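Participant:
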Amino acid sequence: MSSVRVHLTTPPLGPDARRARFGYGDPCPGHEGLAGPATGAWEGRTLDEVAAQDPQAIRLWLTDPEYAPPGGGESVTALIARTGAHLASLAPGTHHAVVGQAVVRAVVVAALELPPAAFWRLDVRPGTVTSLSGRAGRWNLLLGRTPDADADPAAAAADSDR
Numbered sequence: 002m003s004s005v006r007v008h009l010t011t012p013p014l015g016p017d018a019r020r021a022r023f024g025y026g027d028p029c030p031g032h033e034g035l036a037g038p039a040t041g042a043w044e045g046r047t048l049d050e051v052a053a054q055d056p057q058a059i060r061l062w063l064t065d066p067e068y069a070p071p072g073g074g075e076s077v078t079a080l081i082a083r084t085g086a087h088l089a090s091l092a093p094g095t096h097h098a099v100v101g102q103a104v105v106r107a108v109v110v111a112a113l114e115l116p117p118a119a120f121w122r123l124d125v126r127p128g129t130v131t132s133l134s135g136r137a138g139r140w141n142l143l144l145g146r147t148p149d150a151d152a153d154p155a156a157a158a159a160d161s162d163r
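End of the sequence shown = 163 in my numbering, gap-free, step of one.
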């Protein structure tokens, strides 16, 4: 069985990041299973706006991986299952995707078979690359590499040894 290498890059956050709004399940061309989470009725609203209107829903979302935002939102458990299924379906070779931080957390939880509650315990830095290598059922994780490492031959050689 040939190996798979996946590089997940999170975009850098701009100065307005603290005022960020819930996404719309941002697409990931070529890797539809790595689209951002569907946030249902929360789409386009800030965390503060949702928390002011429905603090209990935010509390549930942050503590219960089975809770899905109202209006067709996706639970953390469903996001982990979807991204894990996509990871398992990848053809041998190297794959690159630009994804949000929630998608990186979900992929890592799925790949390492962590409990869903671990999702909120993983911090993913913006503007970094998280790499996985292996195959379905057996993944290795390389965390926190900067995108510039791809341009550095020494870093690339070190990565290929993993």
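For glycine and all other residues, C-beta sits at the position ideal for the given N, C-alpha and C. Being a predicted model, the structure only gives us computed values, none of them experimental.
Can you grab the Cα-Cα spacing for the pair residue 162 / residue 42, in whole Å?
Facilitator: Reliability of the predicted coordinates at residue 162 is poor, the pLDDT of 41 falling under 50, and the value obtained from them is presented with this limitation in mind. Roughly 45 Å between the two C-alpha positions.
Participant: Nearest by alpha-carbon distance to residue 76: which of 51, 58, 125 and 100 is it?
Facilitator: Of the candidates 51, 58, 125 and 100, the one whose C-alpha sits nearest the C-alpha of residue 76 is 58.
Participant: Output the boundary residues of the beta strand (DSSP E) element that contains residue 135.
Facilitator: Unbroken beta strand (DSSP E) run through residue 135: 130 to 136.
Participant: Between 39, 71, 11 and 33, which has its C-alpha nearest residue 54's C-alpha?
Facilitator: Selected option, being the one with the closest Cα: 71.
Participant: Count Cβ pairs between the stretch 92 to 104 and the stretch 60 to 71 that sit closer than 8 Å; are there 3 or more?
Facilitator: Counting Cβ pairs under 8 Å, fewer than three are found: no touch.
Participant: Assuming residue 111 contacts residue 84 (C-beta within less than 8 Å), just tell me the rounded distance between them.
Facilitator: Sure, about 6 Å apart at Cβ, within 8 Å.
Participant: Residue 131 and residue 105 - do their beta-carbons sit closer together than 7 Å?
Facilitator: Contact: yes.
Participant: Just curious, the beta strand (DSSP E) that residue 74 is in, first and last residue?
Facilitator: Per DSSP, residue 74 belongs to no beta strand (DSSP E) and is neither H nor E.
Participant: The beta strand (DSSP E) that contains residue 105, what's its start and end?
Facilitator: From DSSP, residue 105 is part of no beta strand (DSSP E) but of the alpha helix (DSSP H) over 102 to 112.
Participant: On the three-state DSSP scale, how would you describe residue 32?
Facilitator: If DSSP states are grouped into helix, strand and coil, residue 32 belongs with coil.
Participant: Give the secondary structure of residue 94 by DSSP, where H, G and I count as helix, E and B as strand, and everything else as coil.
Facilitator: Residue state, collapsed to three classes: strand.
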